[in-house]
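S.K.: Reading the sequence shown from the start, the letters are residues 2 to 410 in the numbering used here. For each residue, glycine too, the CB sits at the ideal point set by N, CA and C.
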Amino acid sequence: MGLLTSALLSLIAASWLLGILRYGRVLLDSWKEPTLLWPVLIVESDDWGPGPLAQAEVLLRLSSLLTRFQDQTGRSAVMTLALQLAAPDRASIRESSCHQYGRVSLSHDDFEPILAAIREGEERGVFAAQLHCLEHFWPAALLAAADTTNAVRAWLLSSEDELTEALPPHLQSRWVDASRLPTRALPAHEISRAATEEVEQFASIIGRRPRVAVPPTFVWNEEVEKSWHRSGVRFVVTPGARYVGRDSDGTLLSDATGIYNGLEAKSGVRYLVRDAYFEPALGHTAEATLESLDRKTRDRRPTLLETHRSNFLGDEQQTERCFRELARLFERALERFPHLRFLTTEELGESIFERDPKLVATGLLPRLSAWLTRAARVRNLRLLFWTTAAGLAFSLLAAWAEMRGMPSP
Ligand SMILES: [Zn+2]
């Protein structure tokens with residue numbers, strides 16, 4: 002072996018050593034994350050619940066739209082609905098001058114058209130209800146904030162069906178005391194009681210226990226997970242991190258990052274990653290969203306798209322645009338990815354958990370290819386792969402030249 006070749010191979014070995022020291026976890030996690038055989042698209046929509054009855058009409062229209070699109074297996078497009086199960090009972094809160102919290106449940110007769118639309122979509126197989134929360138806030142924190150913030154007090158006492166989306170972002174977190182910033186942790190026993198209560202409420206309203214939970218604003222902690230898991234929740238949707246609070250500027254603080262699909266938490270729940278977005282009201286187009294689907298598919302990962310009910314509850318022009326964009330998204334996605342699969346998030350989680358051979362690759366080659374593609378998303382690792390490939394090619398060439406009796410480089 003020539004001097005240059007030896008030096009090159011030593012350099013590659015040293016680079017890998019450094020790469021493993023620095024990016025070992027990324028390399029390992031990229032390998033452990035399941036490799037999907039087909040592109041998967043799930044539109045995850047949040048916040049449906051007690052509130053404007055216009056939701057019922059929107060849900061029926063969404064259900065019809067989803068039914069128009071089928072994958073190659075004949076499965077209709079799916080939209081998951083993360084539900085809020087209760088809203089403030091503003092009349093009783095007003096009576097107590099904002100000192101006593103009262104709630105009105107999604108099961109109240111007033112909201113029957115909304116529940117009926119959810120059930121209709123579930124029967125058609127195009128909706129899948131998921132647990133979002135009992136309330137999209139911690140009631141005691143909201144009452145405390147109403148004491149000091151006029152806008153919050155006005156929201157709470159309004160005679161209209163105010164959307165929780167209109168509250169200040171930090172107050173929309175449920176599992177911390179966000180009455181002021183920085184947020185403070187809630188007592189573990191209160192979390193446990195409330196997390197168990199909301200699962201029971203979901204079961205009583207929807208008729209089955211939730212298997213998938215989507216933490217509001219993605220702020221939650223291990224205590225929440227443990228209680229959910231004890232009550233039957235199997236999968237938690239995450240953007241790839243677990244946020245546990247906010248600092249004095251409102252910036253999210255995490256205690257876990259780099260979460261990947263199928264990772265099992267200490268609490269026993271498994272995570273599914275939702276880090277692509279489809280909010281047409283914010284200007285997201287079908288084309289831009291297809292880029293996310295394309296990238297996720299190349300990584301052999303599922304595409305979970307985040308969206309919210311608010312896209313479809315704005316003025317008429319905005320609502321029409323959002324419906325059009327959603328239909329275009331499915332049309333284009335099926336054109337570009339003929340093997341696209343529609344699933345519910347629970348089905349995806351179970352397939353990953355069971356390593357279902359119809360969806361999850363078990364062979365070494367597809368796994369190796371997915372591992373390389375995922376790891377190469379990190380610039381320095383991409384550089385390492387290319388220099389390794391070039392270095393090995395050079396060494397092989399040198400070995401071949403040596404065998405042929407040519408002078409080694
Ligand atoms: Zn939400």
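1) I need the DSSP call for LEU254, collapsed to helix, strand or coil.
2) Of the choices GLN56, LEU86, ALA147, whose alpha-carbon is the least far from that of HIS100?
3) Pick out whichever of LEU107, ASN151, ASP300, ASP48 has its Cα sitting closest to the Cα of GLY208.
4) Going by C-alpha distance, which of ASP250, LEU86, LYS267 is nearest ALA257?
5) By the 10 Å Cβ neighbour count, where 16 or more other Cβ atoms means buried, how is ARG310 classified, buried or exposed?
6) Ligand 3 and VAL215: does the residue's C-beta get closer than 8 Å to at least one heavy atom of that ligand?
7) Can you determine whether any heavy atom of ligand 1 sits closer than 8 Å to the C-beta of ASP90, and answer yes or no?
8) Looking at chain C, is there any beta carbon in it that lies within less than 9 Å of the beta carbon of SER232?
9) For my contact list, TRP176 and TRP221 are in at a C-beta cut-off of 8 Å; report their separation, rounded to the angstrom.
10) Just reading off the alpha helix (DSSP H) that LEU1 is part of, what are its end residues?
11) Give the straight-line distance between the Cα atoms of ILE94 and GLN173, rounded to the nearest whole angstrom.
12) Since GLY259 and ARG26 are thought to touch, with beta carbons under 8 Å apart, how far apart are those beta carbons, to the nearest angstrom?
13) Could you check which residue in PHE343, LEU314, TYR102 has the C-alpha nearest to that of ALA92?
14) Beta carbon of PRO217, beta carbon of VAL237: below 9 Å?
15) Using the DSSP secondary-structure output, state which residues sit across from GLY3 in a beta bridge.
16) Is the beta carbon of ARG302 less than 9 Å from the beta carbon of TRP39?
17) Output yes or no for whether 9 Å exceeds the beta carbon distance between ILE206 and LEU116.
18) Hey, could you find the ends of the beta strand (DSSP E) GLU136 is sitting in?
19) Taking DSSP as the reference, what is the three-state secondary structure of ALA214?
20) Tell me whether ALA78 is buried or exposed, calling it buried when 16 or more other Cβ atoms sit within 10 Å of its Cβ.
21) Using beta-carbon positions only, say whether PRO211 and ALA130 come within less than 9 Å of one another.
22) Confirm the yes/no value for this check: CB of GLN487, any heavy atom of ligand 1, distance under 8 Å.
23) By the DSSP assignment, the beta strand (DSSP E) with HIS340 in it spans what residues?
24) Using the DSSP secondary-structure output, state which residues sit across from VAL277 in a beta bridge.
25) I need the straight-line Cα distance from SER180 to THR74, nearest angstrom please.
26) In this structure, how does DSSP classify PRO240 when only helix, strand and coil are distinguished?
27) Check for me: the beta strand (DSSP E) holding GLN85 runs from which residue to which?
28) GLY251 and HIS137 - do their beta-carbons sit closer together than 9 Å?
29) Please state whether DSSP places PHE70 in a helix, a strand or coil.
30) In three-state DSSP terms, what is THR379?
31) With 16 as the cutoff for other CB atoms within 10 Å, does ASN312 come out buried or exposed?
32) Taking its Cβ as the centre, do 16 or more other Cβ atoms sit within 10 Å of ALA87, making it buried, or is it exposed?
M.R.: Put simply:
1) strand
2) ALA147
3) Ranking the options by Cα distance to GLY208, first place goes to LEU107.
4) LYS267
5) buried
6) By its list of ligands, the structure shown excludes ligand 3, since it contains just ligand 1.
7) no
8) The structure shown has no chain C; it contains just one protein chain.
9) Your pair TRP176 and TRP221 checks out as a contact, with CB atoms roughly 5 Å apart and the cut at 8 Å.
10) Residue numbering for the chain in the displayed model covers 2 to 410; residue 1 lies beyond these limits and cannot be assessed.
11) 18 Å
12) 6 Å
13) Closest option to ALA92, Cα to Cα, is TYR102.
14) no
15) BP columns for GLY3 are empty, so no partner.
16) no
17) yes
18) First-last for GLU136: undefined, no H or E at that position.
19) strand
20) buried
21) yes
22) Because residue 487 is not part of the residues shown, which for the chain are 2 to 410, the question remains open.
23) Unbroken run through HIS340: none, as it is neither H nor E.
24) Inspection of the sequence shows that residue 277 is occupied by Ala rather than by Val. For ALA277, which the question treats as bridged, DSSP gives the partners LEU306.
25) 49 Å
26) coil
27) Start and end: 80-85.
28) No, the Cβ-Cβ distance between HIS137 and GLY251 is not below 9 Å.
29) Assigned with DSSP and collapsed to three states, PHE70 falls in coil, not helix or strand.
30) Looking at the sequence itself, residue 379 is Val, so the reference to Thr does not match. Coil.
31) buried
32) Counting Cβ neighbours within 10 Å, ALA87 comes out buried, since at least 16 surround it.
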